[in-house]
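In what follows, a single structure is set out as structure tokens and then discussed.
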Amino acid sequence: MKNIKLFGCALSAALILAGCSQTSPAGSDTSSSTPAPESAEPAAETLNQIIYGSTTELSGDLGNAWWTNNASDKLLRSLIDDYDVIVSNQTGEFVENASVCAGIESEENEDGTKTFTVKIKEGLKFNNGDPINAANYVAYALVQYSPAVLEDGAKVSTATLYGSDTYQKGETKELSGIRLIDDYTYSIRINADYVPYYFETTYASLKPLSLKMYSDADLTVKDDGNGAYLEGGELTKDSVDASRFIYDGRISAGPYTLAEYDQAALTAVLKINENYAGNFEGVKPSVETIIIKKANQETMLDELKTGSVDFLSSLTDGNQVDSALDMVEAGGFKTVSYERNGYGKLMFQCDFGPTQFKAVRHAVAYLLDRNDFANTFCAGYGSVVDGPYGLAMWMYQDSKAELAEKLETYAYSLDDAVAELEADGWVLNEKGEPYESGIRYKEVTPEEAGTYQHNVTLADGRILMPLIIEWSSSEGNSVSELLAVMLANGDQTAQAGMKINQNVMSFSDLLNYMYRDASQGEQYGVPTYCMYNLATNFTAAYDQSFNWVTKASNPEEYEMGYNTNFTDDELLNQLSMDMVYSVEAGDDEAYLKLWVDFIDEWNDYLPEVPLYSNVYYDVMNDKIQNLECNSLFDFDQAVVYATVE
Amino acid sequence: MTKYIIKRIGYLILVFFIVSLLMYMLYNLIPSDPARDQLEGMKSSLTPEAYQQMYQNLRKQMGLDDHILIRYARWMGLIPNMEGKFYGLLEGNFGYSQYFKKNVIEVVVSPLKTTIFINIFATILALGITIPLGIYCAVHKGGKIDNFTQVFTIIGYSIPVYIIALVFVFIFAVLLRWFPVSGMGTPGANYTGMKLFLDRLYYFALPLIVMTFGSLGGMTRYVRAAMIDALSMDHIKTARAKGVREKAVIYSHAWRNALLPVVTLIISWFLGIFSGSVIIENTFNINGMGSLYIKGLQNHDYELALAIQMFYTVVSLVGALIMDLSYGIVDPRVHIDK
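Chains G and D are the protein sequences, given in the same order.
The first sequence lines up with residues 0 to 644 when you count with numbering that gives the first Met the number 0.
The second sequence lines up with residues 0 to 337 when you count with numbering that gives the first Met the number 0.
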């Protein structure tokens with residue numbers, strides 16, 4: 000018993016000592032460093048660092064996006080791998096990387112394909128000092144399209160790169176679409192179907208890759224005239240897989256280099272890459288150390304307050320933003336805010352039920368006070384858009400006035416909703432008599448009626464469709480809860496003669512119904528829900544092609560479920576395709592004109608009702624200077640401009 | 000005894016197969032498509048044809064189009080897999096984590112070590128406090144300390160552990176700054192040996208305190224009740240009447256009898272060191288088994304979740320056997336040969 004007591008005392012003492020020994024000195028600046036164990040690192044080393052608190056945990060997979068890894072993995076990868084020939088800048092515009100690219104030339108070939116010849120700068124180096132030349136860029140493509148990468152479960156499309164399909168299948172040794180011209184020049188050839196393309200300069204972009212990471216054998220890149228190929232060994236699934244999890248001595252070429260990856264704590268420590276030549280503007284990082292660690296939603300502001308993290312990205316929750324702003328007011332912290340490049344939405348399926356009618360979609364929009372909704376949901380930190388765009392996009396900025404004139408804002412109005420419905424024929428009751436109160440009905444054709452569950456067939460053979468909208472909403476979703484209060488159960492909806500039935504389900508279930516994925520169960524293949532609530536974000540390359548294909552013009556793609564709204568608007572489809580596939584790269588004027596037309600048509604057809612577009616808040620310790628992220632320019636790009644004071 | 004153990008192991012194997020089949024069926028009832036989940040992020044950058052081709056290839060690779068019993072047999076290793084090899088659960092293949100892109104066995108090792116590390120301390124701390132406290136309260140039943148402990152433990156017992164965790168974070172990490180808010184170690188510190196151990200202990204101290212506090216109520220009251228029962232037995236009165244020292248009465252006579260119902264609980268606690276606390280590990284960002292299991296479910300990584308579930312099944316089955324056997328060892332009156 001004495002021994003047990005002694006052990007208990009010793010354990011308690013150890014815990015207390017461990018706690019006390021880490022306590023920051025009284026009155027010390029909490030923002031100066033993380034609480035450190037008894038022999039803390041010298042202050043100078045810990046000061047010039049940023050601890051990035053991420054709500055997504057690192058998975059440890061440092062492989063490429065071919066394996067679709069998560070946001071934190073992507074952040075880590077972007078910090079250690081750079082030198083893409085084409086990059087997007089602060090406004091989301093694609094530009095040549097001045098530190099890497101010495102010039103790009105393009106040439107149209109007789110067979111309709113297009114070849115981009117890229118010259119890279121001399122003197123570039125990997126983090127270990129190895130020189131970078133064109134062979135390293137070509138190696139990237141040879142690995143990316145290799146059968147071994149495919150075998151390792153990567154998803155790499157061979158649609159655009161000439162000869163990549165046969166190379167990926169292992170039918171050819173050479174990748175004919177990629178040529179190694181000389182030590183600092185390579186070329187890349189694009190299939191005819193994919194040119195012209197507004198973002199086609201991105202086709203020319205590759206990044207350097209060290210083959211030492213992929214094989215113990217002495218792999219080298221060769222080109223005998225038929226295309227580039229690998230010689231000196233074999234690229235295997237195992238070697239490719241192993242390369243994704245190399246942490247010590249990882250060869251990379253970005254502003255930072257991976258100094259430590261703690262597999263137990265899932266924390267990464269990055270140090271400046273001394274061999275880095277600079278980003279697309281020639282800027283080199285000055286923050287010595289970046290640490291990426293997990294931060295919980297519930298306690299991340301406490302972590303920031305206590306110095307366990309220095310930077311939190313993209314806060315949207317109103318309570319958290321309020322708390323963050325209180326911290327800023329108290330001193331020691333600051334925020335940077337920017338518009339989200341996307342929005343939360345009510346999405347309609349437009350080929351069955353009441354939402355196949357434009358008037359019904361318009362009526363739903365009129366019945367929801369979107370400004371009030373956005374204010375409530377975002378607690379004042381959000382705004383409303385009237386089409387599929389983000390407020391930070393250059394296209395929106397350049398056409399703001401024109402859009403303001405053209406776009407319908409669908410301001411909250413019961414009268415407008417009723418007027419639209421009446422004009423569209425929603426003027427009957429369930430007996431086929433003139434409507435007075437309750438749910439509205441419309442006489443529809445058998446084709447329009449389809450198999451919608453609520454249809455009524457009268458004795459005289461007329462088919463009536465009631466204005467009952469089946470809504471699929473995901474569980475535990477605060478947007479759904481607010482929509483239920485402000486729209487589905489709102490008095491105005493009943494007064495308009497509309498009924499919205501909320502059906503709560505898991506997000507996976509929602510997706511199955513949305514995709515009409517019968518492979519997951521026969522019930523999913525049957526059109527059931529007319530309305531869904533979810534969210535969408537846009538990337539720097541605004542490309543809506545194939546999202547609006549119609550049954551008439553593209554039956555195959557339509558059946559594949561690429562158009563999840565199941566729209567039938569030929570103009571919308573045409574504009575979305577023309578916007579990127581009929582405009583030459585660099586012709587911003589033509590692109591912008593088609594973009595405005597597309598937004599205008601979308602706004603009228605209204606396949607979705609945009610609900611809110613958040614304002615994101617980055618919160619950080621005020622020792623950090625010049626760290627200006629936005630929705631098109633992430634932390635990994637912005638941090639090279641930052642300093643710590 | 001040997002015959003009994005062999006019989007129990009036979010039952011154990013049967014139960015294992017039944018549970019595994021049920022679990023596999025249940026996980027497959029969840030409406031999800033692992034192939035689509037994997038491709039979802041790339042959809043916007045692929046043409047419809049390319050997407051469809053990749054999707055179909057992936058479904059084929061994963062064997063998703065086969066009947067569920069075929070898939071179960073393949074997963075269990077009773078029939079050859081897509082590559083023609085017998086390589087399932089029975090052959091030591093716990094599956095492939097789609098989220099971590101690694102074999103499950105590789106994913107599980109580090110969190111399991113962490114969970115065992117933290118649970119060993121938590122169990123020792125909790126038992127080290129609850130057993131003496133329970134005995135003291137029973138011996139001094141109705142006293143001030145007993146009354147205080149009764150109130151205190153019922154509060155600890157009633158408040159959900161995530162509330163306790165958040166309150167303790169606020170008090171000890173934010174206000175007093177004694178402990179870090181979360182994490183498993185000082186990032187970038189490169190400690191080794193004793194320093195690493197102390198650093199881990201520093202980061203685990205607050206979750207350990209929360210775990211201990213959360214478990215005080217139940218065990219203390221259990222020990223107290225068992226001890227009160229034991230102290231009221233006739234042989235205790237006899238011992239006291241014979242003039243045996245009070246300490247000897249309590250620890251040698253009463254405690255030994257009180258130990259019988261408590262021992263099964265203690266063994267189950269020790270078996271529990273393999274299973275992580277979902278709430279504690281998530282609140283304090285500890286990469287343990289509980290948080291790994293949740294991660295598996297949240298990311299539709301069902302092979303990972305299923306493997307963890309099967310691991311717990313085995314631990315529970317073996318644990319139940321050990322408990323039954325130990326009961327017979329501790330209490331000679333119990334015969335376990337039938």
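We put the CB at the ideal spot given by N, CA and C, even for glycine.
A264 (chain G) and Y255 (chain G) have their C-alpha atoms some 20 Å from each other. With fewer than 16 other beta carbons inside 10 angstroms of its own, R255 (chain D) counts as exposed. Shown here, I180 (chain G) sits in a strand according to DSSP, grouped into three states. Going by beta carbons, T288 (chain G) and L269 (chain G) fall inside the 8 Å limit. Taking C-alpha positions only, K292 (chain G) is separated from E56 (chain G) by approximately 7 Å. With fewer than 16 other Cβ atoms from the protein chains shown falling within 10 Å of its own Cβ, P130 (chain G) counts as exposed. For M576 (chain G) and K550 (chain G), the gap between their C-alpha atoms comes out near 15 Å. When DSSP reads this structure, W470 (chain G) sits in a beta bridge with G:Q501, G:M530. At a cut-off of 8 Å, the C-beta of I50 (chain G) has a neighbouring C-beta in chain D.
Residue range 100-107 is occupied by the beta strand (DSSP E) that includes A101 (chain G), with no alpha helix (DSSP H) assigned at that position. Only exposed fits D325 (chain G), as fewer than 16 other CB atoms lie within 10 angstroms of its CB.
Looking at the DSSP output, N102 (chain D) bridges to D:Y95. Judged by pairs of C-beta atoms under 8 Å, the region 71-79 of chain G does not touch the region 10-22 of chain D, as fewer than three such pairs exist. In the DSSP assignment, M212 (chain G) falls outside any beta strand (DSSP E) and carries neither an H nor an E. Membership of P146 (chain G) in the alpha helix (DSSP H) is indicated by the continuous run 146-150. Residue pairing by DSSP places Y255 (chain G) opposite G:I271 in a beta bridge. Counting of Cβ neighbours within 10 angstroms places D80 (chain G) among the buried residues, the total reaching 16 or more. Residue state for A227 (chain G) is assigned as strand, using DSSP reduced to three classes. As the crow flies, the alpha-carbon of V243 (chain D) is around 49 Å from that of L195 (chain D). Nearest CB-CB separation between Q262 (chain G) and chain D: below the 8 Å threshold. Looking at the DSSP output, M619 (chain G) sits in a beta bridge with G:F310, G:K333.
By a beta-carbon distance limit of 8 Å, P30 (chain D) contacts S505 (chain G). Their separation comes to about 7 Å. Spatial neighbours of D164 (chain G) in its own chain (CB-CB distance under 8 Å, excluding positions within 5 residues in sequence) are listed in chain order as T157.
With fewer than 16 other CB atoms across the displayed protein chains lying within 10 angstroms of its CB, H66 (chain D) is exposed. Taking all protein chains shown into account, N92 (chain D) has 16 or more neighbouring C-beta atoms within 10 Å of its C-beta and is therefore buried. Put simply, the CB of R243 (chain G) is near chain D, with a gap under 8 Å to one of its CB atoms.
Distance from the CA of A458 (chain G) to the CA of N428 (chain G), rounded to the nearest whole angstrom, comes to 15 Å. If you look at E95 (chain G), you'll find it isn't in any alpha helix (DSSP H); it sits in the beta strand (DSSP E) that goes 93-95. Remark: three or more beta-carbon pairs, one from each stretch, lie closer than 8 Å, so the region 600-611 of chain G and the region 372-387 of chain G are flagged as touching. Close partners of E230 (chain G) in chain D (Cβ separation under 8 Å) are lacking, with about 28 Å as the shortest Cβ gap. Chain-ordered, the chain G residues with CB closer than 8 Å to the CB of T113 (chain D) read A263. No Cβ-Cβ contact shorter than 8 Å links V160 (chain D) with V222 (chain D). Rounded to the nearest angstrom, the gap between the Cα atoms of G306 (chain G) and V503 (chain G) is 40 Å. The C-beta of N620 (chain G) comes no closer than 8 Å to any C-beta of chain D.
Put simply, the backbone Cα of A224 (chain D) is about 7 Å away from that of A137 (chain D). As DSSP reads the structure, E607 (chain G) sits in a beta bridge with G:M346.
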